[in-house]
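Residue numbers (this note's numbering): 493 to 580.
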């Protein structure tokens, strides 16, 4: 099964070497979430973060993604008929 470990390790290494963490001594979480500290993080780390997000999203069960939104194809009239069963 594919894994995102390589990208995750590279992202962590990049963040630990960034000015925000290495020089200013902020935590990685602070550097990632705080908009003011974002400028201290190199663009390469931002790209790695996006790659990690895309990798994790790609690990989602493909069958569920292909099925779409549940009950999206049911007509409103069918929903109303089903709901009348529960009213009594």
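Quick reminder that beta carbons are idealized off the backbone N, C-alpha and C, glycines included.
- Annotated as distal: residue 514 and residue 540, with beta-carbon spacing of 7 Å or more.
- The alpha-carbon of residue 522 is positioned some 15 Å away from that of residue 534.
- For residue 540, the secondary structure class from DSSP, reduced to helix, strand or coil, is helix.
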